[in-house]
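Heads up: the structure comes next, in structure tokens.
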Amino acid sequence: MKFALFLGCTIPARSRQYEMSARKVAEKLGLVFEDVPGFGCCGFPLKSVDPEKTALLAAWSLSLAEEKGLPVMTLCSACSSNLAEENHRLKHDEKLRRRINEKLARVGKEFRGTTEVKHILRVIHQDLGLAKISETVKNPLTGLKVASHYGCHYLKPSELYDKFDDPENPRSLDQIVAAIGGTPVSYDRLKQCCGGAVLVSDEATALGLTKDKLDAVKASGAEAMTLVCPFCNVMYDNNQKSIETRFAIEYGLPVFYMTQLMGLAMGISSKDLGMNLNSVKTKELIARFAGEDEDDEKKEKKKVKKEKPGPPLQPVVE
Amino acid sequence: MEQKIETVDLAGSDFNFANEVAQTEGGQQISRCFSCGTCSASCPVRRINDKYNPRRIIRQVLLGLKEEVLKSGFVWLCSACYSCQERCPQGGRITDIMTALKNMAAASNCVPDGVLAQADLIKKQGKVYAIDEFDNKKRVKAGLPPLPEEINEIAQLLSAL
Chain A
365 MKFALFLGCT IPARSRQYEM SARKVAEKLG LVFEDVPGFG CCGFPLKSVD
415 PEKTALLAAW SLSLAEEKGL PVMTLCSACS SNLAEENHRL KHDEKLRRRI
465 NEKLARVGKE FRGTTEVKHI LRVIHQDLGL AKISETVKNP LTGLKVASHY
515 GCHYLKPSEL YDKFDDPENP RSLDQIVAAI GGTPVSYDRL KQCCGGAVLV
565 SDEATALGLT KDKLDAVKAS GAEAMTLVCP FCNVMYDNNQ KSIETRFAIE
615 YGLPVFYMTQ LMGLAMGISS KDLGMNLNSV KTKELIARFA GEDEDDEKKE
665 KKKVKKEKPG PPLQPVVE
Chain B
29 MEQKIETVDL AGSDFNFANE VAQTEGGQQI SRCFSCGTCS ASCPVRRIND
79 KYNPRRIIRQ VLLGLKEEVL KSGFVWLCSA CYSCQERCPQ GGRITDIMTA
129 LKNMAAASNC VPDGVLAQAD LIKKQGKVYA IDEFDNKKRV KAGLPPLPEE
179 INEIAQLLSA L
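Respectively, the protein sequence lines represent chains A and B. Heads up, the first sequence is in the numbering used here, so the first residue is 365 and it goes up one at a time. Heads up, the second sequence is in the numbering used here, so the first residue is 29 and it goes up one at a time.
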């Protein structure tokens, strides 16, 4: 399966580890990416101030994917929802499409409505499937208690994502955690927003939202959190320290992109997965699951560990 | 016993406001609201900051309280998480209504500085964060393909609008 890889703004600037791990994991899973240098901002940050420019920005990038004849794969959930929404709007609103195409014509482009937009984890879960993921596992994350944060725009608006997962009772990420040998942990506030989108307009409210979920995840006994969006990562990983200071709390909760956890289970080295770029230290936790670059002695130890049966899967009920 | 009843002063109401919202992209379904409060009960922001209350905002729109809705700044607390929109029993597109209200507030220059700053950056460089030579060196070192430092066509497209 081949896709035009849409990185957006935040990943190359603030979350290289997501891109690194996504590319490595995709390779193992047989997903092929084509890079499109002209891809820009998806339009999401302009949505609240200018719907016309939002459509134009999305149409520009979508037209580049159309020229290549490829579906678009997003890593960022905000890019995912905005490109999917604008793609839908441009396909169904003829007047808008005409206006936008008049403008695109000035730079020699046209929106034709021939591509689609999918988030990487949706493709992995829905199109490749859990069995395919399990096949690639070399170092199962046995015993690792992981809280999945689905975030908002990975699941919603669900009508534009063909309801691939239930926004009221999401399962896809927990199922992937289980497929790589980890133990999905349920927690309060599972569906709560990270607050990232409010950060520019009201920092206190945004960080309050983030804290609320960190409290719940910590209380669940999870050892790590996993997520699929750089906005969410900014809130839970990059801002975790400042939340600890602001509210005089200690979390020390490692936060991983799902592709990092998958890569770890596939035996990809932590360096190649960009683990050193995570804000909250991951080293101790990763040491339990040896990667390719670790020495034989550690591998021996790991083999012994692997033979122990893990704890039974905790049912995921909200 | 004296009862305290909150009263709403409609003296300055603009009774065409709801129509205006209904004619704005995303705001079309404002009239579907029957004030059940599912949106406010579902809203994660409201749990943290009660200045934001979607049911109240929709009521204010229907009562024509234009100034209060557009100038008080609380529409900007909406995180666009879609919880309300997914659950509205009337099929009201509440997140889209909030976006329409943000668009109207922006048109009357009531926008948080940070939001405007991001918009300006995109117009200039085609992205919120520009990639420079230093970033590209780090990308190549990490085995990632280099990215263009700015995308001129986007600047050209957005300035021509």
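The C-beta atom is built at its ideal place from N, Cα and C for all residues, glycine as well. Since we're looking at a predicted model, the values are computed, not measured.
Do you know how far the Cα of residue j is from the Cα of residue i?
i: A368 of chain A; j: D37 of chain B; result: 54 Å
i: A135 of chain B; j: V413 of chain A; result: 8 Å
i: R535 of chain A; j: D529 of chain A; result: 7 Å
i: E682 of chain A; j: P72 of chain B; result: At E682 of chain A, the pLDDT of 41 sits below 50, so the modelled position is not reliable; the number obtained from the coordinates is stated separately. So the alpha carbons of these two residues sit roughly 16 Å apart.
i: L554 of chain A; j: L105 of chain B; result: 21 Å
i: I544 of chain A; j: Y514 of chain A; result: 17 Å
i: F611 of chain A; j: A39 of chain B; result: 43 Å
i: F43 of chain B; j: I122 of chain B; result: 20 Å
i: L454 of chain A; j: A108 of chain B; result: 20 Å
i: L628 of chain A; j: Y615 of chain A; result: 23 Å
i: P176 of chain B; j: R167 of chain B; result: 12 Å
i: E48 of chain B; j: L519 of chain A; result: 31 Å
i: E658 of chain A; j: K635 of chain A; result: Its pLDDT being 48, under 50, E658 of chain A is placed unreliably by the model, and nothing is read from it.
i: L90 of chain B; j: E458 of chain A; result: 30 Å
i: E181 of chain B; j: E161 of chain B; result: 20 Å
i: E656 of chain A; j: I632 of chain A; result: Reliability of the predicted coordinates at E656 of chain A is poor, the pLDDT of 48 falling under 50, and the value obtained from them is presented with this limitation in mind. The alpha-carbon atoms of E656 of chain A and I632 of chain A are separated by roughly 6 Å.
i: S100 of chain B; j: I86 of chain B; result: 14 Å
i: A183 of chain B; j: E34 of chain B; result: 50 Å
i: L549 of chain A; j: I650 of chain A; result: Looking at the sequence itself, residue 549 of chain A is Val, so the reference to Leu does not match. So the alpha carbons of these two residues sit roughly 18 Å apart.
i: P140 of chain B; j: H489 of chain A; result: 38 Å
i: T500 of chain A; j: V541 of chain A; result: 13 Å
i: N602 of chain A; j: E608 of chain A; result: 11 Å
i: I125 of chain B; j: S63 of chain B; result: 15 Å
i: S41 of chain B; j: G404 of chain A; result: 42 Å
i: L524 of chain A; j: S444 of chain A; result: 10 Å
i: Y600 of chain A; j: G560 of chain A; result: 9 Å
i: G120 of chain B; j: F102 of chain B; result: 20 Å
i: R462 of chain A; j: L641 of chain A; result: 44 Å
i: T418 of chain A; j: K502 of chain A; result: 43 Å
i: L537 of chain A; j: C406 of chain A; result: 24 Å
i: I497 of chain A; j: L395 of chain A; result: 12 Å
i: C138 of chain B; j: T127 of chain B; result: 14 Å
Are the Cβ atoms of residue i and residue j separated by less than 7 Å?
i: K130 of chain B; j: L186 of chain B; result: no
i: E474 of chain A; j: S427 of chain A; result: yes
i: T590 of chain A; j: F620 of chain A; result: yes
i: S70 of chain B; j: C112 of chain B; result: yes
i: A511 of chain A; j: S584 of chain A; result: yes
i: L420 of chain A; j: V592 of chain A; result: no
i: P174 of chain B; j: N164 of chain B; result: yes
i: E96 of chain B; j: Q88 of chain B; result: yes
i: Y551 of chain A; j: A580 of chain A; result: yes
i: L146 of chain B; j: P409 of chain A; result: The amino acid at residue 146 of chain B is misidentified as Leu; the sequence shows Gln. Contact: yes.
i: L93 of chain B; j: M132 of chain B; result: no
i: I464 of chain A; j: A423 of chain A; result: yes
i: M622 of chain A; j: A170 of chain B; result: no
i: R476 of chain A; j: E430 of chain A; result: yes
i: E178 of chain B; j: Q153 of chain B; result: yes
i: L439 of chain A; j: A390 of chain A; result: no
i: Y110 of chain B; j: C596 of chain A; result: no
Since residue i meets chain D, which of its residues come closer than 7 Å, beta carbon to beta carbon?
i: S107 of chain B; result: Looking for chain D here will not work: the only protein chains present are A and B.
Mind checking who residue i pairs with in its DSSP beta bridge?
i: V436 of chain A; result: A:A368 and A:V481
i: E398 of chain A; result: A:A368
i: V510 of chain A; result: A:P548 and A:A588
i: Y525 of chain A; result: Y525 of chain A is not bridged to any residue.
i: V619 of chain A; result: A:M589
Which whole-angstrom value is the C-beta distance of residue i and residue j, which I expect to be below 8 Å?
i: L393 of chain A; j: L492 of chain A; result: 6 Å
i: E450 of chain A; j: P521 of chain A; result: That belief does not hold up - the Cβ atoms of E450 of chain A and P521 of chain A are roughly 12 Å apart, past 8 Å.
i: L625 of chain A; j: G546 of chain A; result: 7 Å
i: R380 of chain A; j: P594 of chain A; result: That belief does not hold up - the Cβ atoms of R380 of chain A and P594 of chain A are roughly 10 Å apart, past 8 Å.
i: I76 of chain B; j: D576 of chain A; result: 7 Å
i: S565 of chain A; j: Q604 of chain A; result: About 21 Å separates the two Cβ atoms, so there is no contact after all.
i: L637 of chain A; j: K388 of chain A; result: 7 Å
Would you call the segment 74–84 of chain B and the segment 480–487 of chain A touching, i.e. three or more CB-CB distances under 8 Å?
As far as the Cβ criterion goes, the segment 74–84 of chain B does not touch the segment 480–487 of chain A, which means the pair count is below three.
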